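Worksheet for the structure shown next.
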Amino acid sequence: MPEFRLYNTLTRSKEVFEPLSPPRVNMYVCGITAYDEAHLGHARAAVVFDVLYRFLRYLGYRVVYVRNYTDIDDKIINRALREGRSWQEIAEQYIREYQEEMAALGVLKPTHEPRATEHIPEMIALVERLLARGVAYVVDGEVYFAVEKFPGYGKLSGRRPEDMLAGARVEVSEKKRNPLDFALWKAAKPGEPFWDSPWGPGRPGWHLECSAMSLKYCGETLDIHGGGLDLIFPHHENEIAQSEAATGKPFVRYFVHNGLITVNGEKMAKSLGNYVSVKELLSRYHPETIRLFLLTKHYRSPLDYTEQAIKEAEKALYGLYGSLYFLQRIKSVREGELRKGGRRLAQALETFQQRFVAALADDLNTAVALGEVFNLLSEVNRFLPAAREATSAEAQLATEVLRVIKDLPGALLGVGGADPESFIQGERERKLARRGLSRREVEERLQAREEARKARDFARADALREELLRLGVEVRDTPWGPFWMVEA
RNA sequence: GGCGGCGUAGCCAAGUGGUAAGGCGACGGCCUGCAAAGCCGUGAAUCCGGGGUUCGAAUCCCCGCGCCGCCUCCA
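Residue 149 in our numbering is what sits at position 149 of the first sequence, and the numbering runs on without skipping anything.
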């Protein structure tokens with residue numbers, strides 16, 4: 001096994017990953033605030049940490065993976081008010097949708113998915129600890145964290161408190177002693193949901209839940225804490241302050257942050273109207289297309305969504321499954337060893353396994369890992385023609401290649417692991433449905449074309465192929481008969 | 001004003017000191033009834049520009065130019 005090197009935002013460098021008490025790894029990733037539908041950015045975070053989770057398990061670690069839900073917050077309350085529903089209903093709806101969509105994307109379920117409102121006592125207890133330590137103060141039923149009492153404040157984001165005050169927009173509140181102080185407990189305004197606390201009715205501040213829940217499920221020190229780059233400040237900075245001030249222990253060993261999504265080069269935002277929802281993407285593309293698109297760029301870099309880019313991902317994925325589809329059809333026609341092409345593929349397979357894992361071990365470089373998959377694929381395609389009359393050893397090699405693709409990119413990236421036959425058939429059906437075509441319409445024409453070809457009536461055969469193309473169906477003739485796919 | 005990132009072929013994207021992965025596209029050849037797919041080959045005198053360090057730099061340093069993110073809720 002290669003060493004796993006992971007970029008740590010705390011040190012701004014790649015480090016060899018060593019958990020505190022192997023083989024256990026505690027990983028806590030900030031989930032969503034359940035007030036609206038999930039967008040591509042949420043999917044990216046979920047997929048990136050899903051790959052990290054899968055890879056850690058592949059390396060033999062026992063991973064406790066926690067991803068939380070913020071189910072009480074201003075935005076949830078506002079939406080509830082606007083729609084005349086309860087905040088619980090709003091949160092419940094978007095959590096459920098998120099779970100369904102992530103499942104559709106092949107994102108594995110975390111070990112725990114705690115919700116903020118189910119941990120109010122833990123949060124209150126944490127606030128009390130902070131008060132007891134003298135790093136928090138109470139004003140009018142609210143509790144604030146006193147940033148100047150925590151010497152390390154700013155160590156994650158690389159900001160000095162002095163700098164943050166100059167020229168920056170910080171929330172103004174007369175209640176705070178220092179503008180950088182943040183709320184641990186907010187007093188309830190009339191009509192707002194609240195929980196009783198030693199400081200009066202109110203609700204927890206946003207940052208507090210992650211500290212309280214990670215403490216409960218993972219202990220005082222996390223091996224990995226993740227989230228989007230946009231959470232570095234203030235969210236994760238504040239979590240560090242709260243947690244370390246309370247426990248006196250390092251909160252996190254490795255902070256991992258994924259890059260953000262842009263759309264046609266612009267920040268994705270509702271106000272810009274360029275919001276890409278997961279629901280819509282799932283209606284148009286196979287989940288693996290979306291995963292492939294998300295993983296073609298290194299997780300820390302910004303990723304630009306364009307129609308062209310996701311279509312390219314789809315094309316590449318179809319190419320992958322197309323080759324696997326034929327590989328799967330290879331049958332042994334006689335006993336025998338590998339011939340030249342087989343030996344070459346066997347060698348490529350070995351190289352592939354080693355390089356694929358090495359790529360992921362280098363800070364989860366999925367772009368390189370995928371490049372290796374396509375390198376292997378190119379060898380598969382070279383092998384294919386001669387393997388129509390496969391020897392027993394060649395047929396076995398074909399099975400071996402399929403197994404490796406399923407076990408490495410399939411199991412670790414969630415790309416390429418489906419049964420090729422099912423994938424192809426499934427995509428045909430899906431695309432036909434989108435175009436309002438029936439399978440029968442396609443098959444009748446294919447059949448007629450085959451008959452025309454047998455009769456060497458190529459004019460008619462070509463006319464039928466043209467007709468299919470106009471319907472969006474591309475046909476190509478293979479040794480195994482006509483193979484067809486439907487255009488996007 | 002502060003902090004950070006990015007600029008690599010037509011497009012996307014790896015590579016962070018040893019002589020440019022991969023995807024999409026383009027062109028030529030093979031294959032094909034013709035196509036398509038695939039395979040083979042072509043394609044960056046060179047990595048935004050300029051200086052510097054080094055035997056050697058896309059990779060390190062400095063100075064510019066351009067783009068972007070964060071500093072307020074945000075994956």
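Yeah, the Cβ is synthetic: ideal placement off N, Cα and C, and Gly gets one too. Being a predicted model, the structure only gives us computed values, none of them experimental.
Compare the Cα-Cα distances from residue i to each of the options and report the closest residue.
{"i": "E122", "options": "S157, H42, R54, S211", "result": "S211"}
{"i": "L228", "options": "F182, P204, T221, Y299", "result": "Looking at the sequence shown, residue 228 is not Leu but Gly. Looking at the Cα atoms, Y299 is the closest of the given residues."}
{"i": "S392", "options": "I330, S422, L469, A183", "result": "I330"}
{"i": "E154", "options": "I77, A241, Y94", "result": "Reading the sequence as shown, one finds Gly at residue 154 and not Glu. The residue with the shortest Cα to Cα distance from G154 is A241."}
{"i": "R440", "options": "L468, D419, V415", "result": "L468"}
{"i": "H42", "options": "T247, D477, I95", "result": "I95"}
{"i": "D71", "options": "T33, A104, E37", "result": "T33"}
{"i": "V252", "options": "E389, L130, L156", "result": "L156"}
{"i": "Q308", "options": "G319, Y321, P302, F293", "result": "F293"}
{"i": "T296", "options": "A359, N68, A418, E37", "result": "A359"}
{"i": "A390", "options": "T111, Q328, R403", "result": "Q328"}
{"i": "P420", "options": "Y144, S323, E239, H39", "result": "S323"}
{"i": "A395", "options": "S438, T366, L345, L413", "result": "L345"}
{"i": "L180", "options": "G472, R434, A146", "result": "A146"}
{"i": "I290", "options": "G414, K216, N274, T117", "result": "G414"}
{"i": "L105", "options": "Y217, V63, L282", "result": "L282"}
{"i": "A387", "options": "F150, R343, K270, Q425", "result": "R343"}
{"i": "A398", "options": "T306, L349, Y137", "result": "L349"}
{"i": "M102", "options": "A38, G410, R434", "result": "A38"}
{"i": "E288", "options": "A418, E113, I405, N375", "result": "A418"}
{"i": "M213", "options": "Y305, H112, D140", "result": "H112"}
{"i": "F17", "options": "A361, V475, K267", "result": "A361"}
When DSSP labels each residue in this structure, what does residue i get in the three-state scheme?
{"i": "T262", "result": "strand"}
{"i": "I224", "result": "strand"}
{"i": "G167", "result": "With a pLDDT of only 46 at G167, under 50, the local geometry of the prediction cannot be trusted, and the value read off the model is given with reservation. Coil at G167, not helix or strand."}
{"i": "P234", "result": "helix"}
{"i": "V442", "result": "helix"}
{"i": "F352", "result": "helix"}
{"i": "Y285", "result": "coil"}
{"i": "S13", "result": "strand"}
{"i": "S301", "result": "coil"}
{"i": "E142", "result": "strand"}
{"i": "V401", "result": "helix"}
{"i": "P204", "result": "strand"}
{"i": "S277", "result": "strand"}
{"i": "K249", "result": "coil"}
{"i": "T70", "result": "strand"}
{"i": "Y217", "result": "helix"}
{"i": "V256", "result": "strand"}
{"i": "K267", "result": "strand"}
{"i": "R115", "result": "strand"}
{"i": "D362", "result": "strand"}
{"i": "K406", "result": "helix"}
{"i": "S211", "result": "helix"}
{"i": "L412", "result": "helix"}
{"i": "G341", "result": "helix"}
What residue does the beta strand (DSSP E) around residue i start on, and which one ends it?
{"i": "I32", "result": "24-33"}
{"i": "F182", "result": "182-187"}
{"i": "V486", "result": "481-486"}
{"i": "T478", "result": "473-478"}
{"i": "V333", "result": "332-334"}
{"i": "N8", "result": "5-8"}
Would you kindly report the start and end of the unbroken alpha helix (DSSP H) that includes residue i?
{"i": "W195", "result": "Taken as a continuous stretch (DSSP letters only), W195 belongs to no alpha helix (DSSP H), as it is neither H nor E."}
{"i": "Y321", "result": "307-327"}
{"i": "P121", "result": "120-132"}
{"i": "P371", "result": "The displayed chain sequence assigns Gly, not Pro, to residue 371. Start and end: 366-383."}
{"i": "R96", "result": "87-104"}
{"i": "R177", "result": "That residue, R177, is in no alpha helix (DSSP H); it is neither H nor E in DSSP."}
{"i": "S422", "result": "420-435"}
{"i": "F55", "result": "40-58"}
DSSP puts residue i in a beta bridge; with which residues?
{"i": "V64", "result": "N26"}
{"i": "T391", "result": "R334"}
{"i": "A136", "result": "F145"}
Cβ pair count under 8 Å reaching 3, the stretch 180-199 against the stretch 255-267: Judged by Cβ distances under 8 Å, the stretch 180-199 makes no contact with the stretch 255-267, as fewer than three pairs qualify.
Inter-stretch contact at 8 Å, needing at least 3 Cβ pairs: the stretch 232-239 / the stretch 36-54: Between the stretch 232-239 and the stretch 36-54 there are fewer than three inter-stretch CB-CB distances shorter than 8 Å, so the stretches are not counted as touching.
Cβ contact check for the stretch 450-466 and the stretch 343-358: 3 or more pairs under 8 Å: With a cut-off of 8 Å, the stretch 343-358 and the stretch 450-466 do not count as touching, because too few Cβ pairs lie within range.
Given 8 Å, three or more beta-carbon pairs between the stretch 246-255 and the stretch 277-296: A contact between stretches requires three or more CB pairs, one per stretch, nearer than 8 Å, and the stretch 246-255 fails this requirement with the stretch 277-296.
Segment contact flag, the stretch 426-435 with the stretch 375-391, C-beta cutoff 8 Å, min 3 pairs: At 8 Å Cβ cutoff, the stretches do not touch.
Segment contact, 8 Å Cβ cut-off, at least three pairs: the stretch 361-376 with the stretch 334-342: With a cut-off of 8 Å, the stretch 334-342 and the stretch 361-376 do not count as touching, because too few Cβ pairs lie within range.
The stretch 199-209 / the stretch 118-133 touching (three or more Cβ pairs under 8 Å): Contact holds: three or more Cβ-Cβ distances are below 8 Å.
Given 8 Å, three or more beta-carbon pairs between the stretch 81-93 and the stretch 48-68: Because the criterion of three Cβ pairs below 8 Å is not met, the stretch 81-93 and the stretch 48-68 do not touch.
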